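**Student:** Sending over a structure as structure tokens; questions will come in a sec.
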Amino acid sequence: MALDLKNGCIEMAHGSGGRAMSELIDQLFLPAFDNEFLQQKNDQALLTLPGYRIVMATDSHVVSPLFFPGGDIGSLSVHGTINDVAMSGAKPLYLSASFILEEGFPLSDLQRIVRSMAKAASECQTPIVTGDTKVVEKGHGDGIYINTTGIGVVPNELTLCPQNIQVGDKVLISGSIGDHGTTILSARQDMDFASELASDSQALHDLVEIMVATCPTIRCMRDPTRGGLAATLNELSQSAHIGMLLDEVHIPVKPSVAATSELLGLDPMYIANEGKLVAVCPADQAELLLTQMRLHPKGLDAAIIGEVIEDSNNFIQLRTAFGGKRVVDWRYADPLPRIC
Amino acid sequence: MCLAVPVKVEQLLEHDQAIVELSGVKTTISLALVEDIQIGDYVILHVGYALNKLDPEEAEATLKLFALNDTP
Amino acid sequence: MKYISEFRDGELAKNLSKKIALAANTNREYRLMEFCGGHTHTIFRYGIPDLLPANVRMLHGPGCPVCVLPMKRIDAAIELALRPNTILCSYGDMLRVPGTEKMSLLKAKSQGADVRMIYSPADCLKIAQDEPGKQVIFFAVGFETTTPPTAVIIEQALQLKLKNLFIFCNHVLTPPAITGILEPAKQANKKVLDGLIGPGHVSVVTGSAPYDVIAEKYQVPITISGFEPLDILQSILLLVKQINQGSYLVENQYTRAVSAEGNMKAQTLMSEYFELRDKFEWRGLGEMPLSAIQIKPAFKHLDAERCFPITQKTSTDNKACECPAVLTGQKKPTECKLFNNPCTPENPLGSCMVSSEGACAAYYTYRRSDFISSDITSHKEH
């Protein structure tokens, strides 16, 4: 029976494992994710991997609103997991995708999301080779939750981790911070901000490839998502048992992000990103690495933002535009807009 | 009580509302607490309401004071 | 950003910093307090203490209306939120503030209460119109900056004849708060503060005039300051000069937004719908007369306190909490035994730690490198 993809909705039957689910997969998921693995319609994908070490990462996505300037929950779920894999220096190879759908969720929205995922995956040459679908009763879900898991391979000589970081190293960011989080806040119905804000959601594996080739002694990379740059740097300093001293004037922030942050009383350092990475490298490699990053479309606004220092407290300190210093604290939870 | 931001009035709407702009970001606010606002004026915005008009001449004067090299 | 970026210029900051250093008399200390949380925020965000000579010390005031709200008022808001068929609307600042028993509005939300974060009182009006079957209660907090918007929605609710919007009014007044900070030292015949950086946006509404009598009574110069870092540096310079001259006037540094009489339209609107409470309890400052407002009896059908039962409680702050001394400038955050042990922003025991601009919270968040080194030193001494 043909699905009404325009006006139809998810029903409990679509998650029941019977014919209804089979129709949903055949008519909505497969046409978008089509590849040799899925065509076999097995419960798993049999993959042949080259003789490297394997990297695996998983991410679940619950973003609201589902569609926003610069992306949607679908593209986000693909980019997010590809980035997690890529931060190890690995080449992402395959993705899985599982969906928890709420009864009543419009098929047209689902199709839009799935097509967006397929496009993102295809751009990254990382097919979605296996997946799962479940349906929950109306009122028990937020429309759609997506989990993606990705695997990639990393050459034997490359082991990127915070423990490599040394005092004197430089800290780089691949572009402006706070774009995604401010876009999400502005796109929510109860906010009313019109602007050119857009999520920076994008896959970074190709930028990573250039960076690792330019600087094989790169210490570590991480993508600052929830909690913002502040959270990521604090995680790194805790793991590596070092401190950092950043220069505020060098941290790129778009004017529209700065303005929205002013209006809401938020600090871009704590706002989510979805298409940026932080890299730590030896000091003598920093300028070369920066030059190569800036030549890549995804690193145009890259900057050296600070250096690694000795600090038994593992603080992230910031030198302000005034020459004063402050600590960039590791916040307990997401910042909330404030009035005072 | 403090978080208030200077924004530029771009468009006047009915029911005492206005569209204001800050660095390309626009939002709709209430002018219920102020009077005689024209397009191009700057207002101090707090929790969705304009609290006062910003005086551009005084702003310039204040900036000049910062730059003075007077002796105490 | 016009009228923002120019007031953050690093070069002008250096110039002002030099002027302050030249003006400050090396033979004495200058103890300055900023009243407003927004000023505390700016001071720390731009590392302003690093730009001041060592004898110009910043003490940090109450922070904000969030900090000075007693826990029992938060408990009351939570109680209201947990009522059936109710939507409790609150500014973001209040959502994580713990009441007694570590409850908060956000925790109440996780227990099923319909708690909604709003950005403007106008949002509450809209929610009330969109959900006629629910009782929509607005948790109204704030000094005089935030009170006029509440007055506007009261007026609009009356015009629209809305039956399902209620205000839980916790608006407080600034001049009594400043008096509450300066009075203890006067009583003890001590001078704890030499100058006060006065509230900027409150003064947009109230005007600078109400502070004249305070400056006179306590012989403390007051500078009404803007919120950008250059404004604050300029205000510090003006205070240092006044202190040198022995004068105690109110000076308006924020002339681009503040006048002597303030916003008359806003003041008229507030007096139409609100009246003074006899007394109100402030966390950290104790009970103060004529320091807060409530909705006038004529509009009691909009007053959550009159329409819904609220369990009356007595406040119980930790006995070792030094907030009263910190708020009045008599002690530094690090001089409180509970500071960082166990009182932290995640586990605040007193008003100074509760919101990010409270003196202790600001100190903890932005200057930990300072106090941790001194912690280590004092530890070694024992």
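As given, the protein sequences belong to chains E, B and D, one line each in that order.
All residue numbers for the first sequence refer to the working numbering, where the first residue is 2 and numbers rise by one.
All residue numbers for the second sequence refer to the working numbering, where the first residue is 33 and numbers rise by one.
All residue numbers for the third sequence refer to the working numbering, where the first residue is 440 and numbers rise by one.
By construction, the Cβ of each residue, glycine as well, lies at the ideal position given by its N, Cα and C atoms.
Here the structure is a predicted model, which is why all the values come from computation and not from measurement.
Assign glutamate 820/D to one of two classes, buried (16 or more other C-beta atoms within 10 Å of its C-beta) or exposed (fewer than that).
**Tutor:** Within the third sequence, numbered from 1, the residue matching residue 820/D stands at position 381. Residue confidence for glutamate 820/D is low, a pLDDT of 33 falling below 50, so the modelled location carries little weight; the figure read from the coordinates is stated next. Looking at its Cβ environment, which holds fewer than 16 other Cβ atoms inside 10 Å, glutamate 820/D is exposed.
**Student:** The segment 37 to 71 of chain B: which residues have C-beta closer than 7 Å to a C-beta of chain E, in chain order?
**Tutor:** For the segment 37 to 71 of chain B, which is checked against every Cβ of chain E, the residues closer than 7 Å are Val37, Leu54, Ser55, Gly56, Val57, Lys58, Thr59 and Thr60.
**Student:** For histidine 251/E, does the three-state DSSP call read helix, strand or coil?
**Tutor:** Translated into the one-based positions of the first sequence, residue 251/E becomes position 250. It is helical.
**Student:** Just confirm the distance between the C-beta atoms of alanine 322/E and arginine 447/D, as a whole number of angstroms; I'd bet it's less than 8 Å.
**Tutor:** Residue 322/E sits at position 321 when you count from the first residue of the first sequence. Residue 447/D sits at position 8 when you count from the first residue of the third sequence. Between arginine 447/D and alanine 322/E the Cβ distance is about 7 Å, and since that is below 8 Å, they are a contact.
**Student:** Do asparagine 84/B and asparagine 454/D have their beta-carbon atoms positioned less than 9 Å apart in this structure?
**Tutor:** Taking the third sequence and counting its residues from 1, the one referred to as residue 454/D is at position 15. Taking the second sequence and counting its residues from 1, the one referred to as residue 84/B is at position 52. The answer is no: Cβ separation not under 9 Å.
**Student:** Quick check on glutamate 77/B - is its C-beta less than 9 Å from some C-beta in chain E?
**Tutor:** Mapped onto the second sequence, residue 77/B falls at position 45. Residue identity check: residue 77/B is leucine in the sequence provided, not glutamate. Interface residue, yes.
**Student:** Who does leucine 63/B pair with in a DSSP beta bridge?
**Tutor:** Residue mapping note: residue 63/B aligns to position 31 of the second sequence, counting from 1. BP columns for leucine 63/B are empty, so no partner.
**Student:** Heavy atom of the ligand COA less than 8 Å from the Cβ of proline 615/D, yes or no?
**Tutor:** Within the structure as shown, the ligand COA is missing, as the structure has no ligands at all.
**Student:** Are the C-beta of serine 559/D and some C-beta of chain B separated by less than 9 Å?
**Tutor:** If you number the third sequence from 1, residue 559/D lands on position 120. For serine 559/D, the answer is yes, since a Cβ of chain B falls inside 9 Å of its Cβ.
**Student:** I want to see whether chain D comes within less than 9 Å of aspartate 73/B, judged by CB atoms only; does it?
**Tutor:** For the purposes of this step, residue 73/B is taken as the residue at position 41 of the second sequence. Closer than 9 Å: no.
**Student:** DSSP has glutamine 43/B in a bridge; who is on the other side?
**Tutor:** The residue you call residue 43/B lines up with position 11 of the second sequence. According to DSSP, which records beta bridges pairwise, glutamine 43/B is partnered with Ile51/B.
**Student:** Using 9 Å as the limit for Cβ to Cβ distance, is arginine 339/E near chain D?
**Tutor:** As a first step, residue 339/E must be located in the first sequence, where it is residue number 338. True, the Cβ-Cβ gap to chain D drops below 9 Å.
**Student:** Kindly say whether methionine 440/D, judged by its beta-carbon, lies nearer than 9 Å to any beta-carbon of chain B.
**Tutor:** Position 1 of the third sequence, counting from 1, holds the residue named residue 440/D. Taking Cβ atoms only, chain B reaches closer than 9 Å to methionine 440/D, which makes this a yes.
**Student:** State the DSSP-derived secondary structure class of alanine 46/E, mapped to helix, strand or coil.
**Tutor:** As a position in the first sequence, residue 46/E is number 45, starting the count at 1. Alanine 46/E falls in the coil class under three-state DSSP.
**Student:** Would you kindly work out how many angstroms separate the C-alpha atoms of alanine 199/E and leucine 186/E, rounded to a whole number?
**Tutor:** Within the first sequence, numbered from 1, the residue matching residue 199/E stands at position 198. Within the first sequence, numbered from 1, the residue matching residue 186/E stands at position 185. Distance between the alpha carbons of alanine 199/E and leucine 186/E: 11 Å.
**Student:** Given a threshold of 16 other Cβ atoms within 10 Å of its Cβ, counted over all protein chains shown, does arginine 1/E qualify as buried or as exposed?
**Tutor:** Nothing about residue 1/E can be read from this structure; chain E reaches only from 2 to 341.
**Student:** Could you give the first and the last residue of the continuous beta strand (DSSP E) run that contains serine 529/D?
**Tutor:** Residue 529/D sits at position 90 when you count from the first residue of the third sequence. Serine 529/D -> beta strand (DSSP E) spans 525 to 529.
**Student:** Start and end of the beta strand (DSSP E) containing phenylalanine 38/E?
**Tutor:** Against the first sequence, residue 38/E aligns to sequence position 37. Unbroken run through phenylalanine 38/E is the alpha helix (DSSP H), 37 to 40; no beta strand (DSSP E).
**Student:** Just the Cα atoms here: how many angstroms apart are asparagine 628/D and glutamate 622/D?
**Tutor:** Counting from one through the third sequence, the residue named residue 628/D turns up at place 189. Counting from one through the third sequence, the residue named residue 622/D turns up at place 183. Each residue's Cα considered, the two are about 10 Å apart.
**Student:** Please determine, among Asn786/D, Leu688/D and Glu720/D, the residue with the shortest C-alpha to C-alpha distance to tyrosine 657/D.
**Tutor:** As a first step, residue 657/D must be located in the third sequence, where it is residue number 218. Per the Cα distances, Leu688/D.
**Student:** Which word fits leucine 678/D, buried or exposed, when buried means at least 16 other C-beta atoms lie within 10 angstroms of its C-beta?
**Tutor:** The sequence position of residue 678/D within the third sequence is 239, counting from 1. By the neighbour-count rule (16 or more Cβ atoms within 10 Å), leucine 678/D is buried.
**Student:** Whose C-alpha, out of Leu50/E, Leu205/E, Phe69/E and Met118/E, is nearest the C-alpha of proline 298/E?
**Tutor:** Counted from its first residue, the first sequence places residue 298/E at position 297. Checking every option, the nearest Cα to that of proline 298/E belongs to Leu205/E.
**Student:** By a C-beta neighbour count over all protein chains shown, 10 Å radius and 16 as the cutoff for buried, is serine 444/D buried or exposed?
**Tutor:** Locating residue 444/D in the third sequence gives position 5, counting from the first residue. Serine 444/D is exposed by the Cβ-count criterion.
**Student:** Run down chain E in chain order and give the residues with a C-beta less than 8 Å from the C-beta of arginine 447/D.
**Tutor:** The sequence position of residue 447/D within the third sequence is 8, counting from 1. Ordered by position in chain E, the residues that pass the 8 Å Cβ test against arginine 447/D are Ala322.
**Student:** Beta-carbon of arginine 327/E versus every beta-carbon of chain D: anything under 9 Å?
**Tutor:** Here residue 327/E is taken as the residue at index 326 of the first sequence, counted from 1. So, interface residue.
**Student:** Shorter than 9 Å from the beta carbon of proline 256/E to some beta carbon of chain D?
**Tutor:** The residue given as residue 256/E occupies position 255 in the first sequence. Judged by the 9 Å Cβ criterion, proline 256/E is in contact with chain D.
**Student:** For a cutoff of 9 Å on Cβ pairs, would you count proline 668/D as touching chain E?
**Tutor:** One-based indexing of the third sequence puts residue 668/D at position 229. Interface residue, yes.
**Student:** Using the beta-carbon count (16 or more within 10 Å), is asparagine 451/D buried or exposed?
**Tutor:** Counting from 1 along the third sequence, the entry for residue 451/D is found at position 12. Position check: residue 451/D holds leucine in this sequence, whereas asparagine was assumed. Under this definition leucine 451/D is a buried residue.
**Student:** Mind checking serine 175/E: buried by the 16 CB within 10 Å criterion, or exposed?
**Tutor:** Position 174 of the first sequence holds residue 175/E. Serine 175/E is buried by the Cβ-count criterion.
**Student:** Assign valine 168/E to buried or exposed, taking buried as 16 or more other Cβ atoms, counted over all protein chains shown, within 10 Å of its Cβ.
**Tutor:** The residue labelled residue 168/E in the question sits at position 167 within the first sequence. Answer is exposed; the Cβ neighbour count stays below 16.
**Student:** For arginine 116/E, which three-state DSSP category applies?
**Tutor:** By one-based count along the first sequence, residue 116/E stands at place 115. Three-state DSSP puts arginine 116/E in a helix.
**Student:** Serine 710/D by DSSP, collapsed to three states: which one?
**Tutor:** For the purposes of this step, residue 710/D is identified with residue 271 of the third sequence, where counting begins at 1. Helix at serine 710/D.
**Student:** Give a yes or no on whether 9 Å exceeds the smallest Cβ distance from isoleucine 675/D to chain E.
**Tutor:** As a first step, residue 675/D is located in the third sequence; it is residue number 236 there, counting from the start. With 9 Å as the cut-off, isoleucine 675/D does not count as an interface residue toward chain E.
**Student:** Under a Cβ-count criterion, where at least 16 other Cβ atoms within 10 Å of its own Cβ denotes burial, should histidine 47/B be classed as buried or exposed?
**Tutor:** Your numbering for residue 47/B matches position 15 in the second sequence. It is exposed - the Cβ of histidine 47/B has fewer than 16 other Cβ atoms within 10 Å.
**Student:** In whole angstroms, give me the CA-to-CA distance for serine 76/E and lysine 171/E.
**Tutor:** For the purposes of this step, residue 76/E is taken as the residue at position 75 of the first sequence. For the purposes of this step, residue 171/E is taken as the residue at position 170 of the first sequence. Near 31 Å, if we compare the C-alpha coordinates of lysine 171/E and serine 76/E.
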